[in-house]
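As you go down the protein sequences, you meet chains G and Y in turn. Each residue of the first sequence is one higher than the one before, starting from 1 at the first, in my numbering. Each residue of the second sequence is one higher than the one before, starting from 1001 at the first, in my numbering. Right, one structure below, let's go through it.
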Amino acid sequence: MSARADNRAAAALRALGIAAWLTVLAQAAPASEIPLPERRSGYAFMRAETRAMQDDDSANPGMLWVLDGDRLWNAKAGAAARACADCHGDARMSMRGVAARYPAYDAARARPVNLQQRINLCRSEHQQAQPLASESRDLLALAAYVGRQSRGLPIAPEVDERAKPFLEAGRAAFQRRQGQLNLSCAQCHDDNWDRRLAGNAITQAHPNGYPIYRLEWQGLGSLQRRLRNCLVGTRTQAYDYGDAELVNLELFLMWRARGMILETPAVRP
Amino acid sequence: MSTARALINVPATARRGDIIDIKALISHEMETGFRRTQLGVPIPRDIITQFVCTYNGAEIFRAEFHPAIAANPFLAFSTIATESGTIAFHWTGDNGFSATESAAISVA
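Structure, rendered in C-alpha cells:
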C-alpha cells in the first residue's frame, strides 16, 4: 500500500474511532455526579514534570503574574488615587481564603459575581478607575495574586438561598447537551473522566487552580477562557466573557469542587 | 530597560565545594516570527536571544535562545560554590530587550 493510501486508511480508522466513541457517549447512562471522596484535582492527571513545574515557585511561570499582582495591589489607580492596599491592607492577611469563596452573591446586583468581576467592581466603585479588560495581563495578575493567598485552603463557596437558583442554573448548564456534537459537560467530566480523548486525560474539570498557567496557552488564563475552549471543542457558540451563563457555571463548578484544595496559580498541560 | 519580570533561585548560603542549583525564569512572549495575523501580516520575531550568568564577574553559564523556545523561558543549571559574592543574570534579545537580576551567596 502506498504511503498516501496508508494515511487515508489511518484517517478513516480514526474517524471510525471517534464515531464509535461518540456512540458510546450517546448510549451512556445519564450523568451521575462523582462521589466526593473520588474527586481528583487536574494535578493528579499530570506528568511528573508538569507537577514539578507547579510545585516549585521559582519554576512556576504563574508566579510571574503573582509578582505583577503584588505590584498592582500596591499601585494607586483611578480618579480616587487609591491602591487595593489602601483599603484592604496586606493581602496576605486580608485576602486569605477570599478566592476560595468566589463566585459570591452580590446583593447590589442580585446575582453572583466571580473574582475578576469583583476586582473590576472594586476598581469602578472605589478607585473610580476603568475596569480592566477580560484576560488582560493586569486583571489576571490581580486575580492570581489574590488567588495565591488562598493556596492550600479548601474551596468553600457560600451558597445561600439567594445564590441557590444560580447554582441550579449552573448545574443545568453542566448537564445540558449542546452544540453541534450534542455533548454536555457531564458526559465527559462526570461519566468518562478516567478515559482519554485524543491522547489527553479528560479529567474531572475541577476549577481548583485558576487562573492557571496552561502550557498550551503559553500564558495565564481564567476559568472562563478554559470554559470557552471547551465550548468551542464541542462546537458550541461560546458565551462572551463575563456572561451570566459562564458565571453560573463557575459557581456550580466551585460548589462541585467544595472542600478540594486550591492550587492557584496551577500549571496545566 | 525593560519591565520584564524574572524569578531567580540561588541558595543564600553554601559550603565551599558544594554543587549548587541555580534556576532562572523570565516573563517573555517569545514571538517566533513565523506566525501571521488573521489578515496575513507576519508578526515580527521578538525573542530573547542570549542568557549569561556570571559569578563574581566570571561567566559560568551561557545559553543562546532560538524561536522554538517556549514563552517565559526557564533555565536550571548548577555550579560549584567557590566564594562569597554575587551571581548575576543577564538576558538580551530582539528590540533592545535587556533584563538583569542578581543574588548574593555566602560561602563558608
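Don't be surprised by glycine CBs; every beta carbon is placed ideally from N, CA and C.
Strand pairing of residue i, partner residues [DSSP]
i         : result
Y:Trp967  : As displayed, chain Y neither begins before 1001 nor continues past 1108, which places residue 967 of chain Y out of reach and without an answer.
G:Ala77   : G:Arg82
Y:Thr1086 : Y:Ala1104
G:Lys164  : None; G:Lys164 has no bridge partner.
G:Tyr105  : G:Pro112
Y:Thr1079 : Y:Ile1020
Y:Asp1046 : Y:Glu1031
G:Gln175  : Bridge partners of G:Gln175: none, in fact.
Y:Phe1074 : Y:Leu1025
G:Pro154  : G:Ile261
Reference residue i, options the options, closest by Cα
i         : options                                   : result
G:Asp240  : G:His126, G:Glu135 and G:Met46            : G:Glu135
G:Trp255  : G:Met95, G:Arg268 and G:Val159            : G:Val159
G:Glu49   : G:Ala59, G:Met63 and G:Arg40              : G:Ala59
G:Gly242  : G:Arg235, G:Leu251 and G:Gly89            : G:Leu251
Y:Ala1024 : Y:Phe1051, Y:Leu1007 and Y:Gly1085        : Y:Leu1007
Y:Val1052 : Y:Ala1103, Y:Phe1089 and Y:Asn1009        : Y:Phe1089
Y:Glu1031 : Y:Ile1087, Y:Ala1058 and Y:Ala1068        : Y:Ala1068
Y:Phe1065 : Y:Arg1036, Y:Gly1057 and Y:Phe1074        : Y:Phe1074
G:Arg171  : G:Gly69, G:Leu121 and G:Gln187            : G:Gln187
Y:Arg1015 : Y:Glu1101, Y:Ile1080 and Y:Phe1097        : Y:Ile1080
G:Leu253  : G:Arg109, G:Asn114, G:Gly89 and G:Ser94   : G:Asn114
G:Ser94   : G:Glu161, G:Gly221, G:Gln180 and G:Tyr145 : G:Tyr145
G:Arg92   : G:Ile34, G:Val66, G:Gly233 and G:Thr234   : G:Val66
Y:Ala1063 : Y:Ile1048, Y:Thr1086 and Y:Gly1057        : Y:Ile1048
G:Arg137  : G:Leu121, G:Ala52, G:Arg71 and G:Gly233   : G:Arg71
G:Pro165  : G:Ser32, G:Gly89, G:Val232 and G:Ala104   : G:Ala104
G:Tyr102  : G:Arg235, G:Leu197, G:Ala163 and G:Phe174 : G:Ala163
G:Leu220  : G:Gln237, G:Thr234 and G:Gln54            : G:Gln54
G:Ala244  : G:Gln218, G:Arg196, G:Gln180 and G:Gln224 : G:Gln224
Contacting residues, own chain, Cβ-Cβ under 8 Å from residue i (five flanking each side not counted)
i         : result
G:Asp194  : Ile202
G:Pro269  : Met46, Arg47, Thr50, Asn200, Arg214, Leu215 and Glu216
G:Leu262  : Ala99, Ala100, Gly147, Ser150, Arg151, Gly152, Leu153, Pro154, Ile155, Asn208 and Gly209
Y:Arg1036 : Pro1042 and Ile1043
G:Leu36   : Gly259
Sequence-distant residues of its chain with Cβ nearer than 6 Å to residue i (five each side left out)
i         : result
G:Cys84   : Trp73
Y:Ser1027 : Ala1004, Arg1005 and Asn1072
G:Ile212  : Ala266 and Arg268
Y:Pro1011 : Ile1020
G:Ala75   : Ala83
G:Ser2    : Model confidence at G:Ser2 stands at a pLDDT of 49, short of 50, so the residue's coordinates are unreliable; what they give is reported in the following sentence. Counting only Cβ-Cβ distances below 6 Å, and skipping sequence neighbours, we find nothing.
G:Asp106  : Val113
G:Ala169  : Asn248
G:Cys230  : none
G:Thr264  : Gly147, Arg148, Arg151 and Gly209
G:Leu181  : Thr234 and Arg235
Y:Thr1013 : Ser1106
Cutoff 7 Å; reference residue i; Cβ partners in own chain excluding five residues on either side
i         : result
Y:Ser1084 : Ile1105, Ser1106 and Val1107
G:Met260  : Arg39, Ser41, Pro154, Ile155, His206 and Asn208
G:Arg176  : Ser184
G:Ala28   : Because the pLDDT at G:Ala28 is just 49, under 50, the model does not fix this residue reliably, and the value given afterwards should be weighed accordingly. These residues qualify, in order along the chain: Gln187 and Asp191.
G:Leu227  : Leu246 and Leu249
G:Cys87   : His126
Y:Glu1101 : Ala1006, Ile1008 and Phe1089
Y:Phe1034 : Pro1067
Y:Asn1095 : Asp1046
Within 8 Å, strictly: CB atoms of residue i and residue j
i         : j         : result
G:His332  : G:Ala81   : Lying before the first or after the last residue shown, residue 332 of chain G is absent from chain G, which here runs from 1 to 269.
G:Pro131  : G:Arg258  : no
G:Leu142  : G:Gly69   : yes
Y:Glu1029 : Y:Asp1018 : no
G:Gln204  : G:His189  : yes
Y:Phe1097 : Y:Ile1022 : no
Supposed contact pair residue j and residue i - C-beta distance, whole angstroms, cut 8 Å
i         : j         : result
G:Ile119  : G:Leu139  : 7 Å
G:Gly62   : G:Gln128  : About 30 Å separates the two Cβ atoms, so there is no contact after all.
Y:Gln1050 : Y:Thr1092 : 5 Å
Y:Ile1087 : Y:Ala1103 : 5 Å
G:Gln116  : G:Ser222  : 6 Å
Y:Ala1070 : G:Gln218  : 6 Å
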